[in-house]
Ligand code: ATP
Ligand code: MG
Ligand code: MG
């Protein structure tokens, strides 16, 4: 399955490599210095992809798809994937997000070229973009439009009717050049003018009806400061960024399919002036990843954070990379999920249980096992010598002796799970009930002799007798044949800890689809904190590794508590 998952993209790459499409590139003495020649090691025979986030938030699982695809293809073909910040939108961008994004990509296990040197910022190309725009104006391929935004939208027409030319479309080249320069120098207010490509207001593709290239925005940019008063539109900037970096295959999501014609227009025109090298990059679209029971747009994620619906971008319920990391999802599980989800041209809605299965699969291999009692009931061993205690040895992983062992203290008072005792046993119940015998895993066989209730009728203590010659691992212990095995922790040495159990953040698969706002579909009860008793070795947990609490699921230590990463099995269908 892994091999076929990005077939249609690989076929394109294979065909280009077979034809030597990108091997024809010449480097020395070309006009329009490529941005990336400065970084050295150009090998024209190799493919180049890029991951181009806007630094206006933290990355989410949808971005992880693009990361795994772009970096994954570069790895597979021995090419390079550029890490590029598409920072052409001054107001929403911040250094905090730049740092957060880089850390998330690293955490997923990817690097951008040797020593991470292939790091780029679209804002570094502002001068090039400006110069190219001037060239377009000089060639009568762009003009300054001064219609109001409303009028401009109205005159763009619709799918049914062609657009109408702006009254400013006939401006002279000299006037356009002068106005554009003034816009750059901050002599005009936001929204006063726009630079538009001069293509065809009657084009059946609305994206070709004189699309905007530049807008006036008298705003400070997180990297270029107050230098610029105009900023390029995404659809103009992106193809230029790709071409300057000698990207070969520019992968983007399906919404951009209709814009491919303009992507090609921009770089074709600029290359025709001799300012970009051929062959030019090609845009290839693939379907977005959508995960059920969550939202993925950065705008929504930011609102969840800003309005305090979650603890922050790294809340373990968030579909962000930092959230999943904190939740305890291993990066290998996210990569496995992307392989399974595949890459297609059709829209993808994937159930979160597919991702959770990947998390379980990876953690099952690596996570040390531990005992934790989440709903405690006291078990008293009436024939165990008062004041005595001893130790049991338990493997960290039943199938992996190389992961070593840990020590479990044992005494006459233990905590067991409330559900492991029944006053009257239902059919096929093999755990504790009066008269029945079970094994305390890695400890002794015990026989239930009685129990105590409080005034309200709740069982508060279970009593039993142990068989001194039944300790696991000692000669003769196997002679005891019992059907039930339960886990436990020693009441004297147990670690009392808060444990947070998470439920889905949204109650419905597609939040907002059948409600006024996606916020109406929030599950207001998605985090439940309980007090649990843990085996004492968990006191040394650092949060770096995940544990399997036997019979309960996978858990990770996080700021004076444990949080549940996921259950042992997919339990969404059988919730009580
Ligand atoms: P959002 O608003 O949801 O955060 P975006 O596309 O505005 O998404 P960018 O930072 O511009 O966010 O995206 C960086 C890259 O990640 C783009 O190439 C984009 O196509 C890709 N990407 C974003 N969301 C998804 C998704 N759900 N599935 C696949 N790729 C995605
Ligand atoms: Mg975007
Ligand atoms: Mg977006």
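Residue numbers (the UniProt record's numbering): 14 to 589. No residue lacks a Cβ here, since even glycine has one placed at the ideal position from N, Cα and C. Since the structure is predicted, the reported quantities are computational estimates derived from the model, not experimental observations.
Asked                                                                                                                                                                                        : Found
Between which residues of its own chain and residue 456 is the CB-CB distance below 6 Å, once the five residues before and five after are set aside?                                         : 405, 423
In terms of residues, what are the limits of the alpha helix (DSSP H) holding residue 123?                                                                                                   : No alpha helix (DSSP H) holds residue 123; DSSP gives it neither H nor E.
Taking C-alpha atoms, which residue in 158, 120, 24, 580 lies nearest to residue 377?                                                                                                        : 580
I need the DSSP call for residue 548, collapsed to helix, strand or coil.                                                                                                                    : coil
Contact defined as beta carbons within less than 8 Å: I believe residue 387 pairs with residue 434. What is the distance between those atoms, to the nearest angstrom?                       : That belief does not hold up - the Cβ atoms of residue 387 and residue 434 are roughly 15 Å apart, past 8 Å.
Could you pull out every residue in the same chain whose Cβ sits closer than 8 Å to the Cβ of residue 484, ignoring the five residues on either side in sequence?                            : 405, 456, 457, 490
When the Cα atoms are used, what is the spatial distance from residue 218 to residue 271?                                                                                                    : 7 Å
For residue 20 and residue 61, I'd like the C-alpha separation in whole angstroms.                                                                                                           : 17 Å
Hey, how far is the Cα of residue 223 from the Cα of residue 572?                                                                                                                            : 54 Å
Have a look at residue 520 and residue 361 and give me their C-alpha separation to the nearest angstrom.                                                                                     : 20 Å
How big is the Cα-Cα spacing for residue 316 and residue 546?                                                                                                                                : 36 Å
Taking a contact to mean a Cβ-Cβ separation below 8 Å, would you say residue 514 touches residue 493 in this structure?                                                                      : no
Out of 246, 505, 445, 319, point me to the one whose CA is closest to residue 495's CA.                                                                                                      : 445
Between residue 98 and residue 574, what straight-line distance do the alpha-carbon atoms span, to the nearest angstrom?                                                                     : 36 Å
Who does residue 403 pair with in a DSSP beta bridge?                                                                                                                                        : 423
Would DSSP call residue 113 helix, strand or coil?                                                                                                                                           : helix
Using beta-carbon positions only, say whether residue 394 and residue 522 come within less than 8 Å of one another.                                                                          : no
What number of angstroms, rounded off, separates the C-alpha of residue 44 from the C-alpha of residue 289?                                                                                  : Because residue 44 sits at a pLDDT of 39, beneath the cut-off of 50, its placement in the model cannot be relied upon, and the following sentence gives the value as read from the coordinates. Distance between the alpha carbons of residue 44 and residue 289 is about 7 Å.
Looking at the structure shown, is residue 501 part of a helix, part of a strand, or coil, going by DSSP?                                                                                    : coil
Count the CB pairs spanning the region 542-556 and the region 303-316 that are closer than 8 Å, and state whether there are at least three.                                                  : no
Do you know how far the Cα of residue 497 is from the Cα of residue 303?                                                                                                                     : 43 Å
Compare the Cα-Cα distances from residue 212 to each of 236, 189, 178 and report the closest residue.                                                                                        : 178
Check residue 493 in the structure and name its three-state DSSP category.                                                                                                                   : coil
Rounded to a whole number of angstroms, what is the C-alpha to C-alpha distance between residue 122 and residue 84?                                                                          : 10 Å
For residue 234, which option in 129, 107, 199, 30 has the closest C-alpha, if you only look at C-alpha atoms?                                                                               : 107
If you measure between the beta carbons of residue 274 and residue 293, is that distance less than 8 Å?                                                                                      : no
Based on the DSSP output, what are the partners of residue 389 in its beta bridges?                                                                                                          : 430
Is it a yes or a no for the region 130-139 touching the region 239-255, going by three-plus beta-carbon pairs under 8 Å?                                                                     : yes
Where are the alpha helix (DSSP H) runs, 4 residues long or more, that stay fully inside the region 208-285, in chain order?                                                                 : 247-257, 273-285
Within the region 136-200, note down every full alpha helix (DSSP H) run reaching 4 residues or more, in order along the chain.                                                              : 139-151, 162-168, 186-197
Should residue 2 be counted as a contact of ligand 1 given a C-beta to heavy atom distance under 7 Å?                                                                                        : Beyond the ends of the chain as shown, which are 14 and 589, falls residue 2; an answer cannot be given.
Less than 8 Å between C-beta atoms, sequence neighbours within five positions excluded: which residues of the same chain meet that for residue 197?                                          : 143, 241, 242, 243
Please work out which residues of its chain come closer than 6 Å, Cβ to Cβ, to residue 335, disregarding the five sequence neighbours upstream and downstream, and give them in chain order. : 71, 326, 327
For a test of the three-state rule: what should DSSP assign to residue 383, helix, strand or coil?                                                                                           : strand
Only counting the same chain, and skipping five residues up and downstream in sequence, which positions put a Cβ closer than 7 Å to that of residue 338?                                     : 120
Under the three-state reduction of DSSP, which class applies to residue 337: helix, strand or coil?                                                                                          : helix
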